[in-house]
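565 is the number of the first residue of the sequence shown in the numbering used here; add one for each residue after it.
Read through the structure below, which is laid out as structure tokens, and then see the notes.
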Amino acid sequence: MESITEMQQYADQLRADSKKIGFVPTMGYLHQGHLSLVDIAGENCDTVVLSIFVNPAQFGPNEDLDSYPRNEGKDIELAREKGVDVVFLPSADTIYPDGYQSYVELAHLPNHLCGLSRPVFFKGITTVVTQLFHIVKPHVAVFGEKDFQQLATIRRMVKDLKFDIEVMGGPIVREPDGLAMSSRNAYLKDHQRKAALSLSRSIQHARQMVADGTTDATSIIQQVTAILSEFAENTIDYVSICDTETMDPVSSIEDSALLAIAVNLNKIRLIDNTVLNRQG
Ligand code: AMP
């Protein structure tokens with residue numbers, strides 16, 4: 565389905581029929597990470613809508629909007645196999661028609677982590693997700709913990725703007741070797757993929773440090789940075805230990821804290837994270 569009006573009418577009909585709508589927004593090039601969110605939506609709702617929209621508003625001028633991997637035919641097939649009821653594929657012209665000028669922006673959350681090196685990223689996301697919420701009219705929206713700051717941002721926006729939507733998070737789905745699944749993994753050459761494994765390896769190391777009693781954030785950040793730096797391919801954007809809701813840095817792990825990493829391999833940006841729990 566591509567038409568916004570058609571999608572809205574379909575959502576109205578579902579609601580009139582007392583059907584619970586679950587929504588999984590994506591940029592396509594689907595993998596098991598996306599499909600795990602479909603499972604969560606399906607377990608909690610009657611009808612699952614998955615959107616595919618490579619959102620121009622969240623890409624900066626030097627980012628990979630034009631080269632972002634796309635395969636709509638395969639995506640539709642995978643979504644259908646997984647039991648998605650509606651694949652919603654709006655065009656950029658209908659989401660951002662001529663004269664478009666309305667943006668949704670949070671005051672603080674974007675001033676952390678990915679928002680620092682991607683200044684328009686979260687404004688683009690909150691704007692498009694707001695639009696998609698108005699079009700798909702979901703009861704439940706499911707986002708991945710892989711993009712932890714995005715999930716925190718959407719939760720905050722839904723709370724602040726009183727959207728009557730339950731936001732659910734799905735755990736990170738990884739390749740057998742530990743690499744967090746991402747559409748961008750398709751770009752990785754063999755030597756870069758080896759380097760990319762250092763993200764999940766460094767996260768495992770940090771978890772072990774906490775399990776062994778380390779609570780000092782600086783020590784953990786230093787060791788994670790050292791593991792990532794073993795590979796010349798990795799250019800670290802950030803290694804941060806921060807509050808799981810505000811993304812403000814913390815100096816020690818009191819109860820739990822987020823360890824978040826972003827690394828650029830040439831022009832390929834990879835992120836990964838884990839929640840470090842003192843209680844294991
Ligand atoms: P994207 O297509 O990259 O915008 O991602 C769409 C949704 O899938 C977002 O909520 C992501 O957090 C989620 N997602 C992407 N990769 C993974 C993964 N490896 N595990 C779980 N969720 C993921």
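Built from N, CA and C at the ideal position, the CB exists for glycine as well.
Any non-hydrogen atom of the ligand AMP within 7 angstroms of residue i CB
| i | result |
| --- | --- |
| Met721 | no |
| Met565 | no |
| Leu601 | yes |
| Ile791 | no |
| Gly688 | no |
C-beta atoms of residue i and residue j nearer than 8 angstroms
| i | j | result |
| --- | --- | --- |
| Arg748 | Ile616 | no |
| Asp603 | Lys584 | no |
| Gly606 | Gly637 | no |
| Arg634 | Val618 | yes |
| Glu739 | Val704 | no |
| Leu823 | Thr808 | no |
| Val803 | Ile825 | yes |
| Ile817 | Val774 | yes |
| Arg771 | Leu840 | yes |
| Met571 | Ile699 | yes |
| Asp780 | Ser681 | no |
| Gly597 | Gly742 | no |
Contacts around residue i, its chain only, beta-carbon distance under 6 angstroms, and the 5 residues preceding and following it disregarded
| i | result |
| --- | --- |
| Phe623 | Leu629 |
| Val588 | Leu601, Val602, Ala605, Leu614 and Val706 |
| Ala750 | Pro633 |
Same chain, Cβ closer than 7 angstroms to residue i, neighbours up to 5 away in sequence not counted
| i | result |
| --- | --- |
| Leu670 | Phe686, Thr690, Thr717, Arg720 and Met721 |
| Asp776 | none |
| Asp819 | Arg842 |
Supposed close pair residue i, residue j - CB separation, criterion 8 angstroms
| i | j | result |
| --- | --- | --- |
| Cys678 | Ile835 | 7 angstroms |
| Phe712 | Ala759 | About 22 angstroms; that fails the 8 angstroms criterion. |
| Lys723 | Ala744 | That pair is no contact at about 27 angstroms. |
| Leu642 | Leu696 | That pair is no contact at about 20 angstroms. |
Where the beta strand (DSSP E) containing residue i begins and where it ends
| i | result |
| --- | --- |
| His575 | Sequence check: residue 575 is Ala here, not His. Premise fails: Ala575 lies in the alpha helix (DSSP H), Ile568 to Ala580, not in any beta strand (DSSP E). |
| Asp724 | No beta strand (DSSP E) contains Asp724, which is instead part of the alpha helix (DSSP H) from Phe712 to Asp724. |
| Arg833 | Ile832 to Asn841 |
Terminal residues of the alpha helix (DSSP H) in which residue i lies
| i | result |
| --- | --- |
| Arg644 | Glu636 to Glu645 |
Residues near residue i in its chain [Cβ-Cβ closer than 8 angstroms; skip 5 each side]
| i | result |
| --- | --- |
| Pro620 | Leu629, Ala656, Tyr660 and Gly688 |
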